[in-house]
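Colleague: Following the working numbering from start to finish, the sequence shown increments by one per residue and tops out at 1716. Below: one structure in structure tokens.
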Amino acid sequence: MLSATYEARAYGVRSAMPMARARRLCPTAAVVAPDHAAYRAASVAIMKIFRDVTPLVAPLSVDEAFLDVAGARALFGSAPRIAADIRRRVAAEQDLTCSVGVAPSMFVAKIASTRCKPDGLAVIAPDAVLAFLHPLPTGALWGVGPRAEAALTRLGLHTIGDIADTPVDTLRRALGDAVGTHLHRLSWGIDERRVDPATTEVTVGAERTFATDITEPAALARELLRLSGRVAGQLRLRHRRARTISVKVRYGDFRTVTRARTLRDGTDVSQAIYATATDLVTDLGLLGAGRAAAAEVMAVRLLGVRAGNLVDAGGASKQLRLGERPDGWAELDRVADRARERFGADAVGPAALLDHPEGPPPAPPPGPP
């Protein structure tokens, strides 16, 4: 499951859930195939709307971004008015709903936008930040995942206000110095980060949870190719390149492992990302010569590919090898992107991703990425 409507969520359906479980929870749900080309086109259009207001736009995901509008108020009015205008433009030009949180800091704006979904506007004035934050559950804070939330619960802390009222030394002992200090500051509304288009987005990734465990190497290789293409497409959409590629594997017994490799040059090329991901999964014994020695862990429940250590595509350089074409696979990616934008996500793609269950796994390009 990539996502679920609010009607489906009422039945307990969540993103990343196996399709079989989602169907059991909500048998009447309509399943719609994703159209990633349409998502990319909508994302480009929406980000343009944001940049019409301010150049200080930091994408958080394909459909979410931080905007610093302090310098835009002289032209467009107050921050709430700018937010309302953005929502109207997105609705008029893209026929999409848009939730906006307006606040004096990034993390409060993020929480506010989440609380007013699916189609709202929440304005948190500076003198109302603590009144807004303190009744919320601890899990609403950035950096509070399941483990941190469990640790806070063991301390008897259930709301952000509880964290604020707890001595910072107590939090440090329970969570570590860095996390304890960070959460205590956030609980008091202290967040000194600024919107920086060059650094806010740290990684781009894609993963898939299978309805049944996967054991066939060919199926794993095809899914790696599919995920690598999605990650590369998101990098190109954001005009970014990645110097670190990582894979995530969750086995049938729910053990999870990750592996990463840093490349010599940043890349946004599908085949380069796929080749690196294939090497990493091979090192885990799931593909290639090492597979037989790891037979007891061959069943895979989840597979993910992530690109990190991002750099701006315009400023990234690559040292060519002797005899190497300057554009290589990147030229093919650009042609494919244009075809998908015009004719849809399925207009062009690797032949290995066609429905050939008996086919061999796709081979990565020759040579190192």
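Cβ coordinates follow ideal geometry from the N, Cα and C atoms, glycine included.
Please confirm if the segment 1581-1589 is in contact with the segment 1608-1623, defined as three or more CB-CB distances below 8 Å between the two stretches.
Modeller: yes
Colleague: Here's a check: name, in chain order, each residue in its chain whose Cβ is nearer than 8 Å to the Cβ of residue 1567, leaving out the five neighbours to either side.
Modeller: 1561, 1628, 1633, 1634, 1647, 1650, 1708
Colleague: Provide the residue span of the alpha helix (DSSP H) that contains residue 1555, from first to last.
Modeller: Segment 1551-1561 is the beta strand (DSSP E) holding residue 1555; no alpha helix (DSSP H) there.
Colleague: Between the beta-carbon of residue 1525 and the beta-carbon of residue 1502, is there less than 8 Å?
Modeller: no
Colleague: Take residue 1777 as the anchor and find which of 1406, 1351, 1401, 1371 has the nearest alpha-carbon.
Modeller: The structure shown has nothing for residue 1777, since the chain only spans 1348 to 1716.
Colleague: So the candidates are 1401, 1485, 1573; which of them puts its Cα closest to the Cα of residue 1653?
Modeller: 1573
Colleague: Would residue 1513 be called buried (16 or more neighbouring beta carbons within 10 Å of its own) or exposed?
Modeller: Residue environment analysis places residue 1513 among the buried positions, since at least 16 neighbouring C-beta atoms fall within 10 angstroms of its C-beta.
Colleague: Only counting the same chain, and skipping five residues up and downstream in sequence, which positions put a Cβ closer than 8 Å to that of residue 1360?
Modeller: 1348, 1351, 1369, 1372, 1373, 1376
Colleague: Given this structure, state the Cα-to-Cα distance separating residue 1390 from residue 1474, to the nearest angstrom.
Modeller: 33 Å
Colleague: Out of curiosity, what's the CA-to-CA distance linking residue 1400 and residue 1423?
Modeller: Across the structure, residue 1400 and residue 1423 are spaced so that their CA atoms are roughly 8 Å apart.
Colleague: Taking all protein chains shown into account, decide if residue 1387 is buried (16 or more other Cβ within 10 angstroms of its Cβ) or exposed.
Modeller: buried
Colleague: For residue 1471, which residues in the same chain have their Cβ closer than 8 Å to its Cβ, ignoring the five residues on either side in sequence?
Modeller: For residue 1471, where only same-chain residues beyond five positions count, the Cβ hits under 8 Å are 1448, 1449, 1450, 1451, 1455, 1456, 1459, 1479.
Colleague: From residue 1411 to residue 1461, what distance separates their C-alpha atoms?
Modeller: 11 Å
Colleague: Find out if the Cβ-Cβ distance for the pair residue 1491, residue 1485 is shorter than 8 Å.
Modeller: yes
Colleague: When the Cα atoms are used, what is the spatial distance from residue 1620 to residue 1482?
Modeller: Those two C-alpha atoms are separated by around 44 Å.
Colleague: Take residue 1610 as the anchor and find which of 1393, 1404, 1624 has the nearest alpha-carbon.
Modeller: 1624
Colleague: Would you check if the distance between the CB atom of residue 1394 and the CB atom of residue 1556 is smaller than 8 Å?
Modeller: Going by beta carbons, residue 1394 and residue 1556 fall outside the 8 Å limit.
Colleague: Going by the DSSP bridge assignment, what does residue 1607 pair with across the sheet?
Modeller: 1593
Colleague: Can you list, in chain order, the residues of its chain with a C-beta nearer than 7 Å to that of residue 1718? Leave out the 5 residues immediately preceding and following it.
Modeller: Lying outside 1348 to 1716, the shown extent of the chain, residue 1718 is not represented and no answer is given.
Colleague: Under three-state DSSP, which class holds residue 1652?
Modeller: strand
Colleague: Give the secondary structure of residue 1358 by DSSP, where H, G and I count as helix, E and B as strand, and everything else as coil.
Modeller: Residue 1358 falls in the coil class under three-state DSSP.
Colleague: In this structure, how does DSSP classify residue 1404 when only helix, strand and coil are distinguished?
Modeller: strand
Colleague: Can you tell which of 1575, 1416, 1533 has its C-alpha closest to the C-alpha of residue 1718?
Modeller: The requested residue 1718 does not occur in the structure, where the chain is confined to residues 1348 to 1716.
Colleague: Going straight from the alpha carbon of residue 1392 to that of residue 1441, what length do you get?
Modeller: Each residue's CA atom was taken as its position, placing residue 1392 and residue 1441 some 8 Å apart.
Colleague: Would you identify the three-state DSSP class for residue 1539, choosing helix, strand or coil?
Modeller: coil
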